[in-house]
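Below is one structure, written out as structure tokens; the observations come after it.
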Amino acid sequence: MSEAPALYVREGDAFVGTGCTKGSWYADGQAGGAVLALLGHVLDDVATLVPMSLTRLTVDIVRPVPVGQALWVDAEVLRDGKKIQLVDQVVRSADGAHVRARALRVRDADLTGSEGLPASSTADDPAASLPPPEQLESVEDRPGVADFLRFGAELRRTSEPVDGVHGVWLRLRVPVVAGEPVRPSSRIALPMDLVNLIGADLQRGRATAINPDVSAHVHRPPTGEWIALAGHTRFAHGTGRGFSMATMSDADGVFGVTSTSQLVQPVG
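Just so we're aligned: 151 in my numbering is position 151 of the sequence shown, and the numbers increase by one with no gaps anywhere.
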């Protein structure tokens, strides 16, 4: 398991998830972070008319993605221009669709030094208060942790909120696709799903929480090895729903925000 070459290996025009992709919610089902990294990898193969990069990704998980089975990622360009491109993606197996995603890419242009541009309304970086990852414990040895977070990626998290926010640090342990470099859109997409239940204490056996989607907005790709998420989870017991939301940061500051819905219910 620990010597798997990557999250995925190519098999003709398909991808096969290794044991490094295995999640903890379904038997032989993949973790959301692994699937999102694959979507980013394939997205960067879609040609653009001018230099562009990912600015928004919305993913709906229709049903669990199987480990060890051939997967195809179909991409359809819905709108192609010199300022924006809209792409639909579907992850499917021989049994049908498992994940549907929509990616928005916008043109890249260095406007540094241009006059009349608006400034950010805040320079706040919630992750700046977090201890560095080397001062936090990895979750890999905790009971029930997903193989994805033992062999595919590394997650370190705070045990208590710091300056009012809960935080996690994440990095890849292996390439996304065997023998291929990690692509920018994979680095953007990888941490998005790790916002799920950030800061929440879900007592397994007493309650369940399903996150059927994830969405993120970014203004640049991340730099460096580690990515930090800082945020909260909120629940409305009167509706049986909730959401998790966090900023995504690297050593240069905030580069995006990510969120996911929560469907919660008691067990029994």
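We treat Cβ as the ideally placed atom computed from N, Cα and C, and that holds for glycine.
Between Met-245 and Ser-259, the CB-CB gap stays under 8 Å. In this model, Ser-120 and Arg-142 are separated by some 40 Å (Cα to Cα). Within the stretch 211 to 257, complete beta strand (DSSP E) segments of at least 3 residues are found at 213 to 218, 227 to 236, 241 to 250, given in chain order.
In terms of Cβ geometry, Ile-227 and Asp-250 form a close pair [threshold 8 Å]. As far as DSSP is concerned, Met-192 takes part in no beta bridge. In the structure shown, the three-state DSSP call for Leu-104 is strand. The distance from the Cβ of Leu-54 to that of Val-218 is about 7 Å, consistent with a contact at the 8 Å cut-off. In the DSSP assignment, Gly-167 falls outside any alpha helix (DSSP H) and within the unbroken beta strand (DSSP E) covering 166 to 172.
In this structure, Gly-199 places its C-beta atom within 8 Å of the C-beta atom of His-166. Counting along the chain, Val-35 sits inside the alpha helix (DSSP H) bounded by residues 32 to 43.
Per the C-alpha coordinates, the member of Leu-202, Gly-253, Ser-215 positioned closest to Val-264 is Leu-202.
The residues Asp-60, Val-62, Val-90, in chain order, have a CB closer than 7 Å to that of Arg-100 in the same chain once the five nearest residues on each side in sequence are set aside.
As summarised for the stretch 44 to 70, there are no continuous alpha helix (DSSP H) elements at least 4 residues long confined to that stretch. Here Arg-10 is exposed. Its C-beta has fewer than 16 other C-beta atoms within 10 Å.
When only Cα atoms are considered, Leu-71 and Gly-81 end up about 29 Å apart. Excluding its 5 nearest sequence neighbours in each direction, Glu-225 has C-beta neighbours in its own chain below 6 Å: Arg-171, listed in chain order.
In the DSSP assignment, Asp-80 forms a beta bridge with Gln-85. Pairing Thr-21 with Leu-39 gives a Cβ-Cβ distance that is not under 8 Å. Around the Cβ of Val-174, a 10 Å sphere holds 16 or more other Cβ atoms; the residue is buried. Counting along the chain, no beta strand (DSSP E) covers Arg-183, and no H or E run does either.
Considering only Ser-114, Leu-36, Leu-49, Ala-27, the residue with the shortest C-alpha distance to Asp-213 is Leu-36.
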